[in-house]
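Some notes on the structure that comes next.
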Amino acid sequence: MNTDTRQLSAAALEDLQRLLHAADPLAAAPLTDPRWDAAALCAQTDPEAFLPEKGGSTRDAKKVCQSCEVKAQCLAYALANDECFGIWGGLSSRERRKVQA
Numbered sequence: 004m005n006t007d008t009r010q011l012s013a014a015a016l017e018d019l020q021r022l023l024h025a026a027d028p029l030a031a032a033p034l035t036d037p038r039w040d041a042a043a044l045c046a047q048t049d050p051e052a053f054l055p056e057k058g059g060s061t062r063d064a065k066k067v068c069q070s071c072e073v074k075a076q077c078l079a080y081a082l083a084n085d086e087c088f089g090i091w092g093g094l095s096s097r098e099r100r101k102v103q104a
């Protein structure tokens, strides 16, 4: 069993990039661009919504993510960097763990 989370994250990132490229070749291009977060809609809203208390609602944060143009880059970043908390790319930490499994 492979327990190296960096390898899992890299594999998940590669899978995500392939899927994005198949759906929209232009959307996949900036996945590794470190400036993606400047365009993130969450940067213009209440950051508390993206870090809900355990059992708290994620609905408001996910609604913001739905229309964010850098949602894919955000999710790829979270997967590649093992972000354990908060909403990233429209997914909770539990949902991201399922993606990586």
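At position 80 of the sequence shown the residue is numbered 83 (this note's numbering), and the sequence of numbers has no breaks.
C-beta atoms are modelled at their ideal positions from N, C-alpha and C, and glycine is treated no differently.
In this text, all values refer to a predicted model and were calculated from it rather than measured experimentally.
query = Would you call the stretch 48-63 and the stretch 75-86 in contact, with 3 or more CB pairs under 8 Å?
reply = no
query = Taking buried to mean at least 16 other C-beta atoms within 10 Å of its own C-beta, is Ala46 buried or exposed?
reply = Label assigned to Ala46: exposed.
ask   = Which residue's Cα is closest to the Cα of Lys66: Arg99, Arg100, Leu94?
value = Leu94
key: CB contact flag (Ile90, Ala52, <9 Å)   = yes
task = Starting from the C-beta of Trp39, find all residues in its chain whose C-beta is less than 8 Å away, skip the five residues before and the five after it, and write them out in chain order.
result = Pro33, Val73, Gln76, Cys77, Tyr80
message = Taking 9 Å as the threshold (C-beta atoms), are Phe88 and Leu44 in contact?
response = Not closer than 9 Å, so no.
inquiry  = Just to check my reading of the structure: Gln69 and Leu82 have Cβ atoms closer than 8 Å, yes? What is that Cβ distance to the nearest angstrom?
reply    = The pair is not a contact, with the Cβ atoms about 19 Å apart (cut-off 8 Å).
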